[in-house]
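Take the sequence shown: its position 38, counting from 1, is numbered 38 in the UniProt record's numbering, and each next residue is one higher. Working notes, beginning with the structure itself.
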Amino acid sequence: MSIDTPLEKRSGVVHATESISTLIPQARRERGLTQEELARRLSEISRNDSITREDISRWERGKRIPGPYWRGWISKALEMPCADVERAAHVARTTRREHRRVR
1 MSIDTPLEKR
11 SGVVHATESI
21 STLIPQARRE
31 RGLTQEELAR
41 RLSEISRNDS
51 ITREDISRWE
61 RGKRIPGPYW
71 RGWISKALEM
81 PCADVERAAH
91 VARTTRREHR
101 RVR
């Protein structure tokens with residue numbers, strides 16, 4: 001599969017080059033959720049109350065990349081394939097590494 005191959009999604013097309021910082025807010029808004037509501041949903045389904053609106057904001061601003069634990073719950077909370085979330089996290093990590101090399 002080429003890096004430009006789109007991945008089909010219920011509400012549109014997610015491109016393989018899309019970062020987690022783009023994927024999360026787009027999917028969240030499509031589902032009519034605020035950052036607070038997504039944090040609450042993640043807390044409820046994971047039974048882990050350590051997640052906050054601030055964590056969601058950091059992910060969406062590209063300040064942090066959610067770890068494997070949260071990526072699985074994000075896919076459930078936003079009703080999307082785990083592979084899409086994993087791929088978007090990989091894009092974010094790769095982009096971050098490339099930016100560090102350029103500096």
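Beta carbons are placed, not taken as given, at the ideal position from N, Cα and C, and that holds for glycine.
Residue i: first and last residue of the uninterrupted alpha helix (DSSP H) it sits in
i: K63; result: Unbroken run through K63: none, as it is neither H nor E.
i: residue 106; result: A question about residue 106 goes unanswered here, because the residues of the chain that appear run from 1 up to 103.
i: R29; result: I20 to E30
i: R40; result: Q35 to S46
i: S75; result: P68 to A77
From the options, residue whose alpha carbon lies closest to that of residue i
i: K63; options: W70, E79 and D55; result: D55
i: S75; options: R29, L42 and E36; result: L42
i: A27; options: R100, V85, S46 and R58; result: V85
i: I51; options: E30, L33, E98 and W70; result: W70
i: R53; options: I24, E79 and P68; result: I24
i: P68; options: E60, R61 and A88; result: A88
i: E36; options: N48, S46 and S57; result: S57
i: G32; options: A77, A83, H99 and R97; result: A77
i: D49; options: W59, R61 and W73; result: W73
Count Cβ pairs between the stretch 16-24 and the stretch 79-99 that sit closer than 8 Å; are there 3 or more? Flag = yes, the stretch 16-24 and the stretch 79-99 touch.
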